[in-house]
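Numbering-wise, this note's numbering puts 271 at position 171 of the sequence shown, and it's gapless, one number per residue.
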Amino acid sequence: MLYNLGKSSIQTDGDHFYVAPTATVVGKVILGKDSSIWFNSVLRADNDVITIGERSNVQDGSVFHVDPGMPLVLEKEVTVGHSVTAHGCYIGERSLVGMGATILNEAVIGKYCIVGAQALITEGKEFPDRSLIIGSPARRIREVTDKEIESIKENAEHYVQRGIFYRKELKSL
């Protein structure tokens with residue numbers, strides 16, 4: 101469900117996005133073209149803006165929230181795996197966040213990064229472009245390869261196509 105909150109409203113690029121029926125999107129959320137928000141995810145922009153970039157996806161059970169003065173930004177072609185918690189952070193284009201990861205306020209993930217499953221990125225931590233990030237607390241272990249970056253792009257495209265399919269074909273019984 102999409103909810104405006106007071107004067108804070110959802111912004112979209114027409115109808116070129118998908119929000120699953122059990123997802124909750126509240127407040128000043130910007131949904132880019134061909135973005136998708138999947139089942140049981142919550143995006144609560146009651147204190148600042150949440151931006152979901154073009155062709156980005158937030159998979160099932162993820163929770164996004166913001167504090168005042170700490171917006172949350174996903175740039176284009178970002179894939180966020182199942183059950184990710186992201187709070188007031190920045191994730192650069194064509195990055196992938198693995199299942200169950202947690203990213204805290206004012207953390208910055210560069211372009212073309214991979215955040216491993218269950219990683220904990222602590223408040224204010226910054227990672228440069230092309231970082232493979234794992235652990236709790238998270239650390240950079242190596243540079244992401246061109247092949248891995250291409251795989252992230254393919255994953256984003258897969259979710260664009262899934263969103264189009266679900267928008268047309270999902271029917272309630």
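Note that beta-carbon positions come from the ideal geometry of N, C-alpha and C, so glycine has one too. Just so we're clear, the structure is a prediction, and the values are computed from it rather than from any experiment.
Among residues of its own chain, excluding the 5 on either side of residue 113, which ones have a beta-carbon nearer than 7 Å to its beta-carbon? 132 and 133
Inspect the CB distances between the segment 220-228 and the segment 129-148 and report whether three or more fall short of 8 Å. no
Between residue 124 and residue 142, which are expected to be in contact by the criterion C-beta below 8 Å, what is the C-beta distance as a whole number of angstroms? 5 Å
So residue 249 is in the alpha helix (DSSP H); what residue range does that whole segment cover? 246-269
What does the alpha-carbon distance come out to for the pair residue 236 and residue 202? 9 Å
From the DSSP output, in three-state form, read off residue 195 for me. coil
Simplified DSSP assignment, three categories, for residue 187: strand
Start-to-end residues for the beta strand (DSSP E) that takes in residue 137: 135-137
Indicate whether residue 180 and residue 197 have their beta-carbon atoms separated by less than 8 Å. yes
With DSSP run on the structure shown, which of helix, strand or coil describes residue 205? coil
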